[in-house]
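Novice: Those protein sequences? They're chains A and B, same order as listed.
Per this note's numbering, the first sequence runs over residues 281 to 395.
Per this note's numbering, the second sequence runs over residues 62 to 174.
Below you'll find the structure I mean.
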Amino acid sequence: AQTVTQSQPEMSVQEAETVTLSCTYDTSENNYYLFWYKQPPSRQMILVIRQEAYKQQNATENRFSVNFQKAAKSFSLKISDSQLGDTAMYFCAFMKMEYGNKLVFGAGTILRVKS
Amino acid sequence: ETGVTQSPTHLIKTRGQQVTLRCSSQSGHNTVSWYQQALGQGPQFIFQYYREEENGRGNFPPRFSGLQFPNYSSELNVNALELDDSALYLCASSFGGNDEKLFFGSGTQLSVL
Chain A
281 AQTVTQSQPE
291 MSVQEAETVT
301 LSCTYDTSEN
311 NYYLFWYKQP
321 PSRQMILVIR
331 QEAYKQQNAT
341 ENRFSVNFQK
351 AAKSFSLKIS
361 DSQLGDTAMY
371 FCAFMKMEYG
381 NKLVFGAGTI
391 LRVKS
Chain B
62 ETGVTQSPTH
72 LIKTRGQQVT
82 LRCSSQSGHN
92 TVSWYQQALG
102 QGPQFIFQYY
112 REEENGRGNF
122 PPRFSGLQFP
132 NYSSELNVNA
142 LELDDSALYL
152 CASSFGGNDE
162 KLFFGSGTQL
172 SVL
């Protein structure tokens, strides 16, 4: 079974600064996806960024980038130029690359961006 | 294209009652997955429906059941409600059972008293 661990229950950052959220996972699979989702107070889960395990290049989406270390089973999210609208719960998630797209989520990290 | 919609947004039930939650999938999607998110935790996979058939189930008892209709909308039914069933229930739709692009609704907040 796969597990996802987020060791930072809460983080805070000043507006315009950079913050990194940590995530580790455990799996015996070789082909999988990793995700970071954002859940604002509206409760809707919003995809921030996705990484395919077979790709060595780290994914980037505007101000969001990841540091994917497959051997270490680590998948951190870096948010640059933090904005007040980035305040939310962030979840790291794992999905096997096979039929049945079940997500396994970590417990989440609350990120507060301060002005 | 329309997004994923869930109803109702909030619901209060008492222990022992039954509840039905509804989800309309995004236009063009044929797969619906349900997740339970307890307070302060990450969502946990309940089950998935693909073309009206259950296609995978998480570690939830049989009193959690579901349906998918020909228009690919879905229902989650929970019988004999327990206090621990209080949670946010999220629905996600996708195109196919192995599509990694899931689109989530805003959830139904269920409170069991």
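Don't be surprised by glycine CBs; every beta carbon is placed ideally from N, CA and C.
Just so it is clear, the structure is predicted and the values come from calculations on it, not from any experiment.
(1) Spatial neighbours of T298(A) within its chain, please: CB distance less than 6 Å, with the 5 preceding and 5 following residues excluded, ordered by chain position.
(2) Short of 6 Å in beta carbon distance, which residues of its chain neighbour L82(B), apart from the five on each side in sequence? Order them along the chain.
(3) In three-state terms, what does DSSP make of G127(B)?
(4) Considering only the beta carbon of each residue, do L128(B) and S147(B) sit closer than 8 Å?
(5) Would you identify the three-state DSSP class for L144(B), choosing helix, strand or coil?
(6) Per DSSP, which residues does R118(B) bridge with? Please list them.
(7) Check the C-beta distance from V65(B) over to F156(B) and give it rounded, since I have them as a contact under 8 Å.
(8) Cutting at 7 Å between CB atoms, please list the residues of its own chain near G166(B), excluding the five before and the five after it.
(9) Which class does L149(B) belong to by DSSP, given the choice of helix, strand or coil?
Specialist: Considering the structure as presented:
(1) For T298(A), where only same-chain residues beyond five positions count, the Cβ hits under 6 Å are S360.
(2) Beyond the five residues adjoining it in sequence on each side, L82(B) comes within less than 6 Å, by CB distance, of L137, Y150 and T169 in the same chain, given in chain order.
(3) In the structure shown, G127(B) adopts extended strand secondary structure according to DSSP, grouped into three states.
(4) Annotated as distal: L128(B) and S147(B), with beta-carbon spacing of 8 Å or more.
(5) In this structure, L144(B) counts as helix in the three-state DSSP scheme.
(6) Residue pairing for R118(B): DSSP places it in a beta bridge opposite F108(B).
(7) Beta-carbon to beta-carbon, V65(B) and F156(B) are separated by about 13 Å, too far to satisfy the 8 Å threshold.
(8) If you ignore the 5 residues before and after G166(B), its C-beta comes within less than 7 Å of the C-beta of V65, T66, Q67, C84, L151 and C152, all in its own chain and listed in chain order.
(9) Here L149(B) sits in strand by DSSP.
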